[in-house]
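Participant: Residues 50 to 167 in my numbering are what the sequence shown spells out, letter by letter.
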Amino acid sequence: MRLFSPIALLSIAGISLFTAKMVSARPHLYLDTFTHGQSYQECIANAKKVLRDYGFDDLEEDEMPNRRVSEVTGYHKDEPLTAAIECDQKLGTTSMAVSGLDSQVTYSMYKALYKAQW
Numbered sequence: 050m051r052l053f054s055p056i057a058l059l060s061i062a063g064i065s066l067f068t069a070k071m072v073s074a075r076p077h078l079y080l081d082t083f084t085h086g087q088s089y090q091e092c093i094a095n096a097k098k099v100l101r102d103y104g105f106d107d108l109e110e111d112e113m114p115n116r117r118v119s120e121v122t123g124y125h126k127d128e129p130l131t132a133a134i135e136c137d138q139k140l141g142t143t144s145m146a147v148s149g150l151d152s153q154v155t156y157s158m159y160k161a162l163y164k165a166q167w
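(1) For the segment 143–154 against the segment 108–115, are there 3 or more C-beta pairs whose distance is under 8 Å?
(2) Which of the three DSSP states, helix, strand or coil, is assigned to tyrosine 175?
(3) What first and last residue would you give for the alpha helix (DSSP H) that runs through tyrosine 103?
(4) Output the distance between the C-alpha atoms of threonine 143 and serine 119, rounded to the nearest integer angstrom.
(5) Suppose the cutoff is 7 Å on Cβ atoms and the five residues either side in sequence are ignored; what does the same chain contact list for glycine 104 look like?
(6) How far does the beta strand (DSSP E) with glycine 123 in it extend, from its first residue to its last?
Below is the structure:
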């Protein structure tokens, strides 16, 4: 008993080969960590303002008060970009990351956020 005839198998394989397209999504990621001397609450409040000023919305905040750490993540309203900023009062550091599909757009936003004050 045959499940598939050779012609059916060749047809399925041929359709798959001729209609399949490669997916090309290569996200770019730029990140940095630097020192800060504020409380994590002040740092994250200013970070949220900067993200909104640069077109990020749908912000999600994750606060861990026992560790004195807070993180905010946002999605750009016009470009395929995501940004995340973490403020760690205990370590005295701020980490920032920007990721996106277009290298030039992603790096331009990274530079703009890097130069911003929060």
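Beta carbons are placed, not taken as given, at the ideal position from N, Cα and C, and that holds for glycine.
Facilitator: Taking the geometry as given:
(1) no
(2) The first residue shown for the chain is 50 and the last is 167, placing residue 175 beyond what the model contains.
(3) Careful: tyrosine 103 lies outside any alpha helix (DSSP H) and carries neither H nor E.
(4) 10 Å
(5) His125, Lys126 and Asp127
(6) 118–125
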